[in-house]
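The structure appears right after this line, and notes come after that.
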Amino acid sequence: MGLPWYRVHTVVLNDPGRLLSVHIMHTALVAGWAGSMALYELAVFDPSDPVLDPMWRQGMFVIPFMTRLGITNSWGGWNISGGTVTNPGIWSYEGVAAGHIVFSGLCFLAAIWHWVYWDLEVFCDERTGKPSLDLPKIFGIHLFLSGVACFGFGAFHVTGLYGPGIWVSDPYGLTGKVQAVNPAWGVDGFDPFIPGGIASHHIAAAFVVAGTMWYGSATTPIELFGPTRYQWDPGILSTGNISKS
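Mapped onto the UniProt record's numbering, the consecutive letters of the sequence shown carry residue numbers 1 to 245.
So this is what it looks like as structure tokens:
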């Protein structure tokens, strides 16, 4: 059956190895674009007047997001506040951009490898020997990893425990600085202008996201949802006869 190019998920639906490959390739494209776009913006950006000619006025798109996450220095010897730096280090605009490009290249190679070596034993159901996807388990793993990343960002990066903090603007929105932010656990944490809400919401969301890992292990009640993969595992449906007791 011929399928158009945009039906890529349908093409690899029953091919776990290549389904993984196309997702890794998508990550490579996104990371490569982010790194390349950042380098382009740095090539045309003029940091000489951060107040009257800020990055947003110059049409920058990527580096404002980088600055929001705590990056302020450049290998060119300047920082976003108009000062000079002598040792910007890896945590700089160029360093993060280069890291994205390197990561993109590694993902590209991984995608090619998984496309070629698609028929791996790990993707096969040991009972049938055919490729299979345990979608609830994959969903649970993704939720867990998302929860870990969410918690790490809120509890370590934003708070400055292991990271620079985030950009906090002055009351007039003219300039600002990168600083550690304490979580705001009260009602004020819901105020979008309170930076502490960013830390507290990421920490709280991490437990909610990771808590849904039960999708990958919990048994779904058959009387509520009908037979699912959890009933296939014990062999309830092996006879093809389902009782509705």
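Where is the CB? At the ideal position from N, CA and C, for every residue including glycine.
Just so we're clear, the structure is a prediction, and the values are computed from it rather than from any experiment.
Exposure of residue i, with buried meaning 16 or more beta-carbon neighbours within 10 Å
i           : result
Pro47       : buried
His26       : exposed
residue 246 : Because the chain spans 1 through 245 in this model, residue 246 falls outside it and cannot be assessed.
residue 267 : Within the shown structure, residues of the chain are numbered from 1 to 245, placing residue 267 beyond reach of any answer.
Gly186      : exposed
His59       : Note that residue 59 corresponds to Gly in the displayed sequence, not to His. That one is exposed.
Thr72       : buried
Unbroken alpha helix (DSSP H) run spanning residue i, endpoints
i      : result
Ile141 : Leu135 to Gly152
Trp115 : Tyr93 to Val116
Ile71  : Note, Ile71: premise wrong, no alpha helix (DSSP H); not H, not E.
Gly32  : Pro16 to Val44
Residue i in three-state terms, based on DSSP
i      : result
Ile194 : coil
Gly76  : coil
Leu237 : Confidence is the limiting factor: at Leu237 the pLDDT is only 49, short of 50, which leaves the residue's position unreliable and the question unanswerable from this model.
Val178 : strand
Pro131 : strand
Thr86  : coil
Opening and closing residue of the beta strand (DSSP E) in which residue i lies
i      : result
Trp167 : Ile166 to Ser169
Gln58  : Element bounds for Gln58: n/a, residue is neither H nor E.
Cβ-Cβ separation, residue j to residue i (assumed contact under 8 angstroms), whole Å
i      : j      : result
Val62  : Glu94  : Not really, about 12 angstroms apart at Cβ, beyond 8 angstroms.
Gly17  : Asp119 : 6 angstroms
Ile101 : Ser36  : 7 angstroms
Ser74  : Pro54  : Actually they do not touch by this definition, with Cβ atoms about 15 angstroms apart.
Ser92  : Thr175 : So it is not a contact: roughly 19 angstroms between Cβ atoms.
Touch check for the segment 119-132 and the segment 101-108: three-plus C-beta pairs under 8 angstroms? Counting Cβ pairs under 8 angstroms, fewer than three are found: no touch.
So, does the segment 34-45 touch the segment 111-125, judging by three or more C-beta pairs under 8 angstroms? Contact fails between the segment 34-45 and the segment 111-125, because fewer than three Cβ pairs, one in each stretch, are under 8 angstroms apart.
How about the segment 130-145 and the segment 182-192: do they share at least three Cβ pairs that are nearer than 8 angstroms? These segments do not touch.
Touch check for the segment 144-161 and the segment 171-182: three-plus C-beta pairs under 8 angstroms? Counting Cβ pairs under 8 angstroms, three or more are found: they touch.
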